[in-house]
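Here is the structure we will look at, set down as C-alpha cells.
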Amino acid sequence: MTMHDLAPELLLRVFESLSSVSDIISLSLTCRYFSEILPKSQKLTLFFGAFDESNGPVEDIIQLLTQNNNQPLHVRRTPPLSFALLSQATAIARVARRYVELYPNFRWPNGESEHRRLLDACEARRLRRAIYRIWGYTNAFHQSAYHVPRTNVPATTERLQLLRTWSNRELFELEDLRGTLEQLLATEICPTDGEVYSRIPNDAQKFHLSLQYPHLRPVEAVTVSYEELFHNSHHTDHSPSKPSVQELRIRHMQGWGSDLQNFYLVQAFLKLSPAQILWLYDNAVRRADVERFVEEQTHELCFFDCGSLLFQDWVAVLHARGVDVQQAREALWDGTTGIVVDNGTGQVDALR
Numbered sequence: 031m032t033m034h035d036l037a038p039e040l041l042l043r044v045f046e047s048l049s050s051v052s053d054i055i056s057l058s059l060t061c062r063y064f065s066e067i068l069p070k071s072q073k074l075t076l077f078f079g080a081f082d083e084s085n086g087p088v089e090d091i092i093q094l095l096t097q098n099n100n101q102p103l104h105v106r107r108t109p110p111l112s113f114a115l116l117s118q119a120t121a122i123a124r125v126a127r128r129y130v131e132l133y134p135n136f137r138w139p140n141g142e143s144e145h146r147r148l149l150d151a152c153e154a155r156r157l158r159r160a161i162y163r164i165w166g167y168t169n170a171f172h173q174s175a176y177h178v179p180r181t182n183v184p185a186t187t188e189r190l191q192l193l194r195t196w197s198n199r200e201l202f203e204l205e206d207l208r209g210t211l212e213q214l215l216a217t218e219i220c221p222t223d224g225e226v227y228s229r230i231p232n233d234a235q236k237f238h239l240s241l242q243y244p245h246l247r248p249v250e251a252v253t254v255s256y257e258e259l260f261h262n263s264h265h266t267d268h269s270p271s272k273p274s275v276q277e278l279r280i281r282h283m284q285g286w287g288s289d290l291q292n293f294y295l296v297q298a299f300l301k302l303s304p305a306q307i308l309w310l311y312d313n314a315v316r317r318a319d320v321e322r323f324v325e326e327q328t329h330e331l332c333f334f335d336c337g338s339l340l341f342q343d344w345v346a347v348l349h350a351r352g353v354d355v356q357q358a359r360e361a362l363w364d365g366t367t368g369i370v371v372d373n374g375t376g377q378v379d380a381l382r
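Per our numbering, numbering through the sequence shown is continuous, rising by one, with the last residue being 382.
Given below as C-alpha cells:
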C-alpha cells in the first residue's frame, strides 16, 4: 500500500504530525493529490502550528507585527491568518534564531566557557519570547513614540500595563535578555577606552593609540579601505583568511570613554530594537560605523541624551507585586532563574 491509497483522514493526520513548515511544503509538492487535499485555511493552520514549534511563540510575533496606534498594546490582537503574515513572521524569527546562536557566548563568557552549550528547545523558546516582547516594547515606546515626554502619564501607564500582562517568570526572562544585550553592547558596540586598550597586543598598543589620538599617528601608518573595515554579513566570501567582523572590530573599534560614560551609552543603545542591535553586531567595525547607523536609523539628534525605560518599568511592576527586586537580580546572576536555569528552581518558586 502506498500513501496515495490512504484515506484522506489519515493523510491529514500525517500532515498534522509534521513539525516544520518546510516538511509540510515538501510533502504538498510531492504530487497534485497531496497539494489539493488540504484547503487553504487548513494549510495556514498547519503552517502556523509548525512555525510555532520551531520559531514561536508565534502569538508574540503576531502582537509585534500588529502594533498600531488605535489599540492598547496590552490587549491581545487576533488578526486573520494569512501567508503574508507568515512571511513577515519568518523575517522576525530569523533575527531570533541568530540570538539563539549567540546567547551561549554571552551567557557563558570566556571565564566559564567550559560550561557553554547549545540551548535546549524550552530555553530557546523562552529566549525567543523575550526577544519578541522586548522588540515590541522598543518599537512602541522608543521609536514610533520617540517624541512623547518620558514623564507623560498615559504613556507611562501603557508601558506598565503591558508589563503587567506577563508573569514574574516571564519578566525575569525579559531582564535576563536585557542584561545580555547590555553585555553585547558594552563589549562589542561601545567598549570603554580601557577595555579597548587592554585587549590588544602590547606591540600594537602604540598604533591603536595613534587611531585614538591622530596627532600621535606615525607617518608610516597604513590606512585600511572602507570595504575591508566595514564587513557586510551578506558577503559570500567565506575564505578562512578573511577576518570576521568581530576580529576586525577588536582591531579597529575605538573606545567610547570611561566606565560611567559607557553605562549611559549602553542604556541609550537599548532603545534600538533587537534587529538593529544584531545588525550592529554583524556589521559595525568602527565607532564611525555605529554613529552613522544610529543617525540613519533614528533621525534623533538627542539619541544619546536618554536611555531605555524598560528596566525602571520592570522594577516598578515587580515592586507593585511585592517582589524583592535585588533578590530577583541576584537569582538571575546565580542562574537560578531566567532563560537558562542551571542551579535548580527553588529560588524561582520563591520569586513567583
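Ideal placement from N, C-alpha and C gives every residue a C-beta, glycine not left out.
Return the residue from the list ILE55, ALA346, CYS61, SER271 that minimises the CA-CA distance to THR32.
CYS61
State the CB to CB distance for the pair PHE202 and LEU339, rounded to an integer number of angstroms; the pair is presumed to be in contact (CB under 8 angstroms).
Not confirmed; about 18 angstroms, so no contact.
Sequence ranges, alpha helix (DSSP H) only - wholly within the segment 268-295, length at least 4
275-282
Other residues of its chain near HIS104: CB distance less than 8 angstroms, five sequence neighbours each side excluded
GLU188, GLN191, LEU192, ARG194, THR195
Helix, strand or coil at PRO244 according to DSSP, with G and I counted as helix:
Because the pLDDT at PRO244 is just 45, under 50, the model does not fix this residue reliably, and the value given afterwards should be weighed accordingly. Note: PRO244 maps to helix in three-state DSSP.
Can you tell me which of ARG316, GLN297, LEU76 puts its alpha carbon nearest to the alpha carbon of THR168?
GLN297
ASN349 to GLY285, Cα distance in whole Å?
Asn is not the amino acid found at residue 349; the sequence shown has His there. Roughly 36 angstroms separates the two Cα atoms.
Whole-angstrom distance between LEU310 and PHE323, CA atom to CA atom:
8 angstroms
Short Cβ contact (8 angstroms threshold) for THR217 with GLY287:
no
Of the residues VAL88, SER84, PHE293, SER52, the one placed nearest GLN213, counting alpha carbons only:
PHE293
From this set, TRP138, THR328, HIS282, which residue's C-alpha is nearest LEU300's C-alpha?
THR328
Contact between the segment 157-165 and the segment 341-356: three or more CB pairs below 8 angstroms?
no
Considering only residues of the same chain and omitting the five flanking positions on each side of THR210, which have a CB-CB separation below 6 angstroms?
PHE136
Could you round the C-beta distance between PHE77 and VAL88 to whole angstroms and report it? I think they count as a contact, below 8 angstroms.
Not a contact, Cβ separation roughly 10 angstroms.
Inside the segment 53-118 only - alpha helix (DSSP H) runs reaching at least 4 residues:
62-66, 70-85, 88-95
Hey, VAL370 and GLU153: beta-carbon distance below 8 angstroms or not?
yes
Spatial distance of PHE333 from ASP312 (CA atoms)
22 angstroms
Per-residue DSSP class, three states only, for GLU330:
coil
Just the Cα atoms here: how many angstroms apart are SER303 and TRP165?
5 angstroms
Have a look at ASP289 and ALA305 and give me their C-alpha separation to the nearest angstrom.
26 angstroms
Please report the distance separating the alpha-carbon of LEU111 from that of ALA318.
42 angstroms
With H, G and I counted as helix, E and B as strand and the rest as coil, what does DSSP make of ILE369?
coil
If we call anything under 8 angstroms between Cβ atoms a contact, is ASN198 one with ARG351?
yes
Out of curiosity, what's the CA-to-CA distance linking ARG229 and MET283?
11 angstroms
Spatial distance of SER389 from SER117 (CA atoms):
In the structure as shown, the chain starts at 31 and stops at 382, and residue 389 therefore has no counterpart that could be examined.
Contact set for TYR162: own chain, Cβ-Cβ below 6 angstroms, skip 5 residues either direction
ASP90, ILE91, LEU94
In whole angstroms, what separates the C-alpha of ARG208 from that of LYS73?
36 angstroms
How far does the alpha helix (DSSP H) with PRO304 in it extend, from its first residue to its last?
304-313
Does the beta-carbon of ASN140 have 16 or more other beta-carbons within 10 angstroms, so that it is buried, or is it exposed?
exposed
On a CA-only basis, which of ASN98, ARG106, GLU131, THR367 is nearest LEU308? Give me that one, please.
GLU131
Is DSSP giving CYS336 helix, strand or coil here?
coil
Should PHE81 be labelled buried (16 or more other beta-carbon atoms within 10 Å of its own) or exposed?
buried
Nonlocal neighbours in the same chain, by C-beta distance under 7 angstroms from LEU11, ignoring five residues either side
In the structure as shown, the chain begins at 31 and stops at 382. Residue 11 is therefore absent and cannot be evaluated.
Anyone know if the C-beta pair for ASN85 and ALA114 falls short of 8 angstroms?
no
Using only CA atoms, which one of SER56, ALA170, ALA151 lies nearest to ASN98?
ALA170
So which of LEU278, GLU83, ARG146 has the shortest CA-CA distance to ILE219?
LEU278
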